[in-house]
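Before any comments, here is the structure.
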Ligand code: MGD
Ligand code: SF4
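Residue numbers (our numbering): 476 to 1232.
Here it is as structure tokens:
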């Protein structure tokens, strides 16, 4: 374990932990990024500086890892020429070295020992032994059901290594929770409107905007670095920020206007804003005339959606709706209605995000300075290999028939096809799960567990003994991002650029990088032709040479920029062809009309909160990314006590005091496994509770008779996925809305009896 003390770590983070409390002032979070002292020098002898790309979250900032001559990592700092971080990592990224030093990490391959009283019993194994079991398991699935019945669930930077393996083998049954449970609906909403999605980082030109509108998007708490920096500058410039959130979030506290909307009614507000902006002539008339299709249809469509109508639905006074609509219209085109990222909320999420896209279009902000810029990325040539075999069925077969804009595998469809009651032709009977914890990331938890229990064979590749490892037949310990080489980062941005993640140290214990694991399995499956290299570095070096660089250069610079080939913004009056059926920005979606979806967003009621219950709202904390960072010793020290936000009125109703421990019970009667302390606060609406996502870990396995778990986070807080009992599927994409779930508060420990008996 590193000698880095808590004090040292806080010093690296730039400011005190106060900036990282549950509801910190935004300025103190910013301080953590913009602290005077960028990164204090911990070492007298900073011998080795290695380029990295952070994977503590998926903003993927580029930085430098410093190791001493003994191969010990001492700090990670931002790379000055990196546009994702502008040279400054966020506190989470700085704490990334805790991922490496965490002594709870998986250290060796594990093989399940069956028949031990239902306990998750494993024995340590060599890589060879583990590979033997995997090859047999995958071949059995092939023999009994076909290769397609072995599904890949993945997330993160090593995912592509396993995608390559699966496609080469002959299965394209795959999906990641970053799609259906996260941003697929947002991508679809923008694709239907502009013929282009957003991806990451979102091309919002916050740096130049005058007005930023955030809808359920708590920047500052979700901490996307470069973005947070630009928002901080916007605050300093005195720009307008309007935050729509049932919770007085950190951003709400720094906003010109906070609209505490009734959850599930955001689309009503968006339609009413369109009504005012169109009827009062606040839209960008020249832009609309030149670039959009269907304006007259839209104008007619929104007439019924008046602010007075929306007020009765959203509980936001009509006066506030008019006022904010005028603020937004007045800033056109230097205005951004932010698309958000995790948009899987209520089941009609593509329509809500399409309303956001349409609103931006009539304000003329797409392709305009201060709105959305046109991003560019470097296209790297793909490594040569024989054509992938064509599977008999794939994720498209089980997703696209139902959802026309299922642009990536829908994890919930995979889970549905893995359930014992599924009797159709597209059965999932084996799973290869890497860098994702479906127990928390693909709710409802009960359903995912039934699907897992119905599998013949499961492989898990993880860095930690997380909850999913307990379901595996074989567990493979992956090296952390600081010990690995991965694909180059080629994310699109204002200026095309690439960034290199290079191992700063050798993998600890017997852990291995993802590319090595995938290749070794591939070779053993007879796929040598798909791996005409021995070390993944050869692939990167070849790719780099094709674009005029090399490994040698990238190891030196970490980030390399390339000139843009196209303009960043539209030029006034210039012709532009959008990638839609009409070649225009489609306010009226011709595709949606053809496919039978509403061509313009229509408000749908999502019902009321049942008496005695509260709507379950969950979200991120600034110092953690989902469940994956919770056990990180440095980040855990900064935040280890999740709290449940509860309005004073609700607290009175349930007779709960600030700081008291409570348990949750959902509408179906399921009780949370663990308790959580309450924070009584007026910063949340009276009809909702706010639960930080990622806590409530109950992963525990037994290896050679010894317990292995994520010792810091085990049993702390409540998992929102455990409380989710239903999902609302978005018809367009299959995205899975998670926020139509209701809970009540229990003040007595419901497990007390169990504990005593
Ligand atoms: P985590 O729970 O962090 O999130 O979904 P996940 O990515 O599944 O699980 C990550 C797993 O990866 C952990 O087991 C961790 O130990 C492991 N891991 C971390 N680093 C590495 C690595 O380098 N290599 C390997 N092999 N494993 C690693 C996130 C997803 O969840 C997303 S993107 C969103 S936006 C959704 N959010 C969300 C929510 O807010 N609430 C609910 N209920 N569900 C959600 N699902 C989605
Ligand atoms: Fe890492 Fe922070 Fe950047 Fe995310 S925003 S990649 S955690 S430094």
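In this text, a Cβ means the ideal position worked out from N, Cα and C, and glycines have one as well. This one's a predicted model, so the numbers in the text were calculated from it and none came from an experiment.
By alpha-carbon distance to residue 666, the top candidate from 652, 814, 701 and 562 is 814.
Between the C-alpha atoms of residue 1051 and residue 821 there is a straight-line separation of about 34 Å. For residue 1163, the beta-bridge partners assigned by DSSP are 1090.
With a 10 Å radius around the Cβ and a threshold of 16 neighbouring Cβ atoms, residue 930 comes out buried.
Between the stretch 840-847 and the stretch 1171-1178, the count of Cβ pairs shorter than 8 Å is below three; the stretches do not touch. Looking at the DSSP output, residue 1187 shares a beta bridge with no other residue.
Nearest C-alpha to residue 978 among 970, 1007, 863 and 1033: 1033. Among the bridge pairs identified by DSSP, residue 1202 is matched with none.
Residue pairing of residue 907 in beta bridges, as defined by DSSP: 627 and 934. About 6 Å separates the beta carbons of residue 799 and residue 732, which is inside the 8 Å limit, making them a contact pair. In the DSSP assignment, residue 605 falls within the unbroken alpha helix (DSSP H) covering 602-619. Residue state for residue 768 is assigned as strand, using DSSP reduced to three classes. Remark: the shortest separation between the CB of residue 585 and any heavy atom of the ligand SF4 does not fall under 7 Å. Sequence-distant partners of residue 792 (beyond 5 residues in either direction) whose C-beta falls short of 8 Å from its own C-beta, in its chain, are 786.
DSSP places residue 538 in the strand class (E or B) of the three-state scheme. Relative to the ligand SF4, the beta carbon of residue 568 is positioned inside 7 Å of a heavy atom. If you keep only unbroken alpha helix (DSSP H) runs of at least 4 residues inside the stretch 759-838, you get 760-766, 770-776, 782-789, 793-806 and 824-837. Around the beta carbon of residue 1031, fewer than 16 other beta carbons sit within 10 angstroms, so the residue counts as exposed. In this structure, DSSP gives residue 585 an extended state, which the three-state scheme calls strand. The three-state secondary structure of residue 1070, taken from DSSP, is helix. Exposed is the label assigned to residue 1080, since fewer than 16 other Cβ atoms lie within 10 Å of its Cβ.
Taking one beta carbon from each stretch, the stretch 665-683 and the stretch 1021-1030 have fewer than 3 pairs nearer than 8 Å; the two do not touch. Only buried fits residue 811, as 16 or more other CB atoms lie within 10 angstroms of its CB. The stretch 983-999 makes no contact with the stretch 825-837: fewer than 3 CB pairs, one atom from each, lie closer than 8 Å. If you look at residue 974, you'll find it in the beta strand (DSSP E) that goes 972-974. Between the stretch 907-915 and the stretch 931-941 there are three or more C-beta pairs closer than 8 Å, enough to call the two in contact.
When C-beta atoms of the stretch 858-875 are compared with those of the stretch 688-705, fewer than three pairs fall below 8 Å, so the two segments do not count as touching. Annotated as distal: residue 1147 and residue 1116, with beta-carbon spacing of 8 Å or more. Where residue 1141 is concerned, the enclosing beta strand (DSSP E) starts and stops at 1136-1141. For residue 526, the enclosing beta strand (DSSP E) has its first and last residue at 523-528. For residue 642, no beta strand (DSSP E) encloses it; the enclosing alpha helix (DSSP H) starts and ends at 634-644. Annotation: residue 1078 to residue 748 spans about 13 Å, alpha carbon to alpha carbon.
In this structure the stretch 1207-1223 lies against the stretch 649-663, because at least three pairs of beta carbons, one per stretch, are closer than 8 Å. For residue 1172, the beta-bridge partners assigned by DSSP are 1189.
About 5 Å separates the CB atoms of residue 1159 and residue 1122; that is less than 8 Å, so the two are in contact.
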